[in-house]
Amino acid sequence: MGQVGGIESLRPGYRRNMESQRPARLDVGVVSAGRLGSVVGAALHAAGHRVVATSGLSDASVARARTLLPGVPIYPADEVVSRAELIILAVPDPVLPDLVTGLSRRGAWQAGQIVVHTSARHGIDVLASAAASHILPIALHPAMRFTGSPSDLERLPDACVAVTTTPALRPVGEALVIEMGAEPVWVDAAGRARYAAAVAHAVDHLPVVVDQAAELLLAARVVGGRRLLATLMLTALEGALRGQTRGDGVAALADLDSLRADLETLHESAPDSRAVHLALARAAASRAIAAGVLPSADVDGLLDLLAMPPAAD
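1062 is the number of the first residue of the sequence shown in the working numbering; add one for each residue after it.
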């Protein structure tokens, strides 16, 4: 890939060690062919594994399977498990525990199967009932948003995948990630909850901010508001990820007149957006003050402004 922090930056000795421990070609079963599962299955197929079965109930899942996993038969989940050596459980977090428990009660697991789930929130504890059947449990969470389209396969090499498993299975989990073209990042069991919270904090509410900004632009009669936001937000995000925009954030907090004007406009035009803007400004102020990067002359005025009720803005 060649990008900083990508697979190409791994130490050669480490990478050779990982490649030497890559799993043999495996029969893969995907439960289910959702936006994530279909792409992971296609990536494993591209790496030389055989996707032998998938599950999917909705029309969208069936369509994705036909596009990304052509020719792969669709079965109920327990039949998928019975036909494969590597099982990918790509289901939503709330569904995963009951799915694993139900399959365990039906005796679906086979000793020696590699069972991988793709949940950010869970480690391998969620596979405890399956572990009684002597399966090999691994948690792999690709840190990207999936659309369930072939374009995801092109983006996957730019992604990191969180790996949580037993120390003995760590090489297997990391090798599977490398085979998919992504970069493995180890997350130990004790850190899994913090990992999930970090991921959720970074992306779960981003659509709200985008929608609110787009609605304000529409109210201002600005044509193509989302296109306008795209470059603005992408460049801001790139700068933030590189740590290059902290000074911009401090300058925004120090400009009390602009901050006051924005809060007044949002109060009049979009009160829910004002609440979000104010909460983020307070969080930014707290971090800036704790870091000592905000000029002391600005601190009192900023705190007074952020404490004012809407009617006083």
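Note that beta-carbon positions come from the ideal geometry of N, C-alpha and C, so glycine has one too.
Keep in mind that this is a model prediction, so the values were computed, not measured.
Drop a sphere of 10 angstroms on the beta-carbon of residue i, count the other beta-carbons inside from all chains shown, and report buried for 16 or more, exposed for fewer.
| i | result |
| --- | --- |
| E1235 | buried |
| V1354 | exposed |
| W1247 | exposed |
| P1211 | exposed |
| A1151 | buried |
| M1241 | buried |
| A1126 | buried |
| S1330 | exposed |
| L1295 | exposed |
| L1324 | buried |
| Q1305 | exposed |
| A1291 | exposed |
| V1284 | exposed |
| V1187 | buried |
| P1370 | exposed |
| E1244 | buried |
| H1195 | exposed |
State the CB to CB distance for the pair residue i and residue j, rounded to an integer number of angstroms; the pair is presumed to be in contact (CB under 8 Å).
| i | j | result |
| --- | --- | --- |
| I1149 | V1101 | 6 Å |
| L1129 | S1099 | 4 Å |
| A1344 | V1311 | So it is not a contact: roughly 14 Å between Cβ atoms. |
| V1176 | A1204 | Actually they are not in contact, since the Cβ atoms of V1176 and A1204 sit about 21 Å apart, beyond 8 Å. |
| L1142 | A1169 | This sequence places Val at residue 1142; Leu is not what is there. About 4 Å separates the two Cβ atoms, so the contact holds. |
| A1094 | S1116 | 7 Å |
| S1180 | D1154 | 5 Å |
| A1315 | D1365 | Incorrect: roughly 14 Å between the Cβ atoms, too far for contact. |
| V1089 | L1157 | With a Cβ gap of about 18 Å, V1089 and L1157 do not count as contacting. |
| F1207 | L1293 | Not quite, the Cβ-Cβ distance comes to about 25 Å (not below 8 Å), so this is no contact. |
Identify the continuous alpha helix (DSSP H) that holds residue i and give its terminal residues.
| i | result |
| --- | --- |
| H1266 | H1266 -> no alpha helix (DSSP H), and no H or E assigned at all. |
| E1215 | S1212 to R1216 |
| P1332 | P1332 to A1352 |
| P1158 | L1157 to R1166 |
| V1100 | R1096 to A1107 |
| S1190 | A1189 to A1192 |
Using DSSP's beta-bridge definition, name the partner residues of residue i.
| i | result |
| --- | --- |
| D1120 | Answer by DSSP bridge pairing: none, since D1120 is not bridged. |
| I1175 | L1147 and L1197 |
| P1137 | DSSP output for P1137 lists no bridge partner at all. |
| V1091 | T1115 and I1149 |
| E1244 | C1221 |
| P1203 | V1222 |
Can you tell me where the beta strand (DSSP E) with residue i in it begins and where it stops?
| i | result |
| --- | --- |
| V1224 | C1221 to T1226 |
Is the number of C-beta pairs between the segment 1224-1239 and the segment 1190-1208 that are closer than 8 Å three or more?
yes
Could you tell me whether the segment 1251-1262 touches the segment 1291-1300, where touching means 3 or more Cβ pairs closer than 8 Å?
no
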